[in-house]
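Numbering (my numbering), first residue to last: 10 to 368.
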């Protein structure tokens, strides 16, 4: 793909957005100014990457010309060959980043994110795996310098989670985590298994872009708010007051509960945030369903009933079924090295979108 016309287009649009942001009146519309600011930051990064891409192309040409002039076994030729390997690898990375810039950005990609992990089939072992998945997400968030905050938990008897809901805030959180929605299957020997047999359990993960008030309208008459005493392990202060908040959205039947905040008001705010995000997810899913026939090959549809990944502990294997990716780095993945599966998913998604655009 010839990226030069797109690099020129990025520069032209950056100048237009920069000019628009220079007009003080644009800040009278907060939503418009935020959209322009996000676009400016995105384009500025793409222009920097585009300039680096063009510079690297020139360096590759210079090294190739040098190889044509020097004897193959000369010191200069050997140095040029070595440089070419690194330059081509860097060029390929920049090419992917620029291709991502060609695809119109999903407006939810820059959103903060709410993640819900629920134990599924497998009883106590499923709840323990839910805790392992939470640890995996926590470590990955830490590596990305994102901020993670637990919003609600329901503990199991053996120390796992029947359900845990948490928010993650930072740059491009939803853009990277949206592929995690679906059924995660684990195959391993449970701690309660006395005969060493491998069991299969599942957990469901839902990744929701954090909704803003302008995205979803919730009328006061459409919700019922109730409070109760929060439950949790030990004698924590969270248990001593009626601080847990449950909100029922009557039109959709959705029920949201938040209890990990220290105050009733904080839990109510968090519960409303989760409710808006679930309603936004439904809205997006309905829109996607209209184009399902055209987008069958798209990665990360977010369907909760699809088995997206298997974690096989005896074989040290993780398999993502959507792109038929198999890796043998399970311990590293469970410690938060999620890039090894997220990057291929993003690349596959990008390829599908470029094909749809006939690029």
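Glycine included, C-beta positions come from ideal geometry on N, C-alpha and C.
Query: Got a sec? Which residues, its chain only, sit under 8 Å from residue 170 by beta carbon, not counting five neighbours each side?; Result: 126, 128, 136, 139, 140, 143, 162, 163 and 164
Query: I'd like the list of long-range same chain contacts for residue 3, defined as Cβ closer than 8 Å, with 5 residues on each side in sequence excluded.; Result: As shown, the chain starts at 10 and ends at 368. That puts residue 3 outside it, with no answer to give.
Query: Whose CA, out of 342, 317, 200 and 30, lies closest to the CA of residue 326?; Result: 342
Query: Secondary structure at residue 160, three-state DSSP: helix, strand or coil?; Result: strand
Query: Where does residue 362 land, buried or exposed, given buried means 16+ other C-beta within 10 angstroms?; Result: buried
Query: Give the range of the alpha helix (DSSP H) segment to which residue 193 is assigned.; Result: First-last for residue 193: 191-197, but that is the beta strand (DSSP E), not the alpha helix (DSSP H).
Query: Starting from residue 215, follow the beta strand (DSSP E) in both directions and report where the run begins and ends.; Result: 208-218
Query: Return the chain-ordered ranges of every beta strand (DSSP E) run that is complete within the stretch 83-150 and spans a minimum of 3 residues.; Result: 122-128
Query: Quick one: Cα of residue 106 to Cα of residue 55, how far?; Result: 8 Å
Query: In terms of residues, what are the limits of the beta strand (DSSP E) holding residue 365?; Result: Segment 348-365 is the alpha helix (DSSP H) holding residue 365; no beta strand (DSSP E) there.
Query: Straight-line CA distance for residue 190 to residue 286?; Result: 14 Å
Query: Counting only the same chain and skipping the five closest in sequence on each side, list residues whose C-beta sits under 7 Å from that of residue 61.; Result: 103
Query: Where does residue 30 fall in DSSP's three states?; Result: helix
Query: Ignore the nearest five residues each way along the sequence and tell me which others in residue 356's own chain have a CB closer than 6 Å to its CB.; Result: none
Query: When DSSP labels each residue in this structure, what does residue 337 get in the three-state scheme?; Result: coil
Query: Under three-state DSSP, which class holds residue 19?; Result: helix
Query: DSSP state of residue 24, grouped into three classes?; Result: helix
Query: Spatial neighbours of residue 42 within its chain, please: CB distance less than 7 Å, with the 5 preceding and 5 following residues excluded, ordered by chain position.; Result: 35 and 36
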